[in-house]
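Numbering (the UniProt record's numbering), first residue to last: 1 to 209. Glycine included, C-beta positions come from ideal geometry on N, C-alpha and C. Have a look at the structure below before the remarks.
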């Protein structure tokens with residue numbers, strides 16, 4: 001054993017005993033740490049977890065700082081962050097009581113989330129539908145504008161022809177003479193209503209008599 005090497009001449013037995021106790025103490029602490037490896041918070045409160053860990057420890061001895069550190073490592077991160085400023089000056093049991101209140105607060109929020117009322121749900125669905133319709137309307141207007149611009153750029157005479165055709169249609173509607181009589185006059189073989197050509201022709205005939 002390396003403990004038997006370099007044994008000092010001054011009080012060799014006391015030094016050897018001290019070294020053995022130190023080494024076995026370190027091994028015992030490592031064993032106790034492993035004792036809590038599988039321990040988790042689960043459905044327990046933080047104070048229940050602490051009592052459970054002390055029960056597992058039994059008659060074995062462990063530094064209170066180490067016990068507290070192992071216990072804190074098993075709590076949720078949000079809880080340990082709140083407890084961090086007071087861990088060094090507060091007793092572990094008192095710390096566990098505070099952790100219980102924090103844990104209960106977070107748990108109640110998870111168990112009882114705020115449910116939207118039916119009216120609120122309908123209003124939200126209506127607003128979502130309204131937003132969708134408005135978005136589609138904007139997209140449609142954009143497509144129509146692009147189509148009109150495309151026709152204008154591709155066919156420069158598009159607007160001119162449309163305007164001329166509109167003037168002819170307006171004049172025809174005003175005169176109430178169909179396209180065929182407007183073009184072929186008395187020799188037209190077809191007529192579309194409304195058309196006042198025959199009445200106008202008859203009136204001219206009467207005036208000529």
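Inter-residue spacing [alpha-carbon to alpha-carbon] between residue i and residue j
| i | j | result |
| --- | --- | --- |
| residue 211 | residue 128 | The first residue shown for the chain is 1 and the last is 209, placing residue 211 beyond what the model contains. |
| residue 101 | residue 107 | 10 Å |
| residue 98 | residue 90 | 10 Å |
| residue 148 | residue 138 | 15 Å |
| residue 131 | residue 125 | 10 Å |
| residue 61 | residue 121 | 58 Å |
| residue 195 | residue 177 | 4 Å |
| residue 192 | residue 185 | 13 Å |
| residue 190 | residue 181 | 8 Å |
| residue 188 | residue 197 | 10 Å |
| residue 142 | residue 75 | 56 Å |
| residue 63 | residue 54 | 12 Å |
| residue 94 | residue 34 | 25 Å |
| residue 105 | residue 37 | 27 Å |
| residue 84 | residue 52 | 22 Å |
| residue 39 | residue 103 | 18 Å |
| residue 44 | residue 66 | 21 Å |
| residue 77 | residue 70 | 13 Å |
| residue 123 | residue 134 | 16 Å |
| residue 82 | residue 146 | 59 Å |
| residue 119 | residue 153 | 51 Å |
| residue 183 | residue 150 | 34 Å |
Contact set for residue i: own chain, Cβ-Cβ below 7 Å, skip 5 residues either direction
| i | result |
| --- | --- |
| residue 96 | 46, 47, 50 |
| residue 80 | 72 |
| residue 26 | Per-residue confidence for residue 26 stands at a pLDDT of 48, beneath the threshold of 50, marking its modelled position as unreliable; the derived number appears in the next sentence. Around residue 26: no qualifying Cβ. |
| residue 58 | none |
Endpoints, alpha helix (DSSP H) assigned at residue i
| i | result |
| --- | --- |
| residue 72 | 64–73 |
| residue 182 | 179–184 |
Backbone secondary structure at residue i - three-state DSSP
| i | result |
| --- | --- |
| residue 38 | coil |
| residue 60 | coil |
| residue 176 | coil |
| residue 190 | coil |
| residue 76 | coil |
| residue 91 | coil |
| residue 128 | helix |
| residue 55 | helix |
| residue 100 | helix |
| residue 196 | coil |
| residue 153 | helix |
| residue 44 | coil |
Cβ neighbours of residue i in the same chain (closer than 6 Å, five flanking residues each side left out)
| i | result |
| --- | --- |
| residue 92 | 68 |
| residue 41 | 49, 74 |
Neighbourhood of residue i by C-beta distance below 8 Å, restricted to the same chain and skipping five residues each side
| i | result |
| --- | --- |
| residue 56 | 35, 36, 39 |
| residue 86 | 95, 98 |
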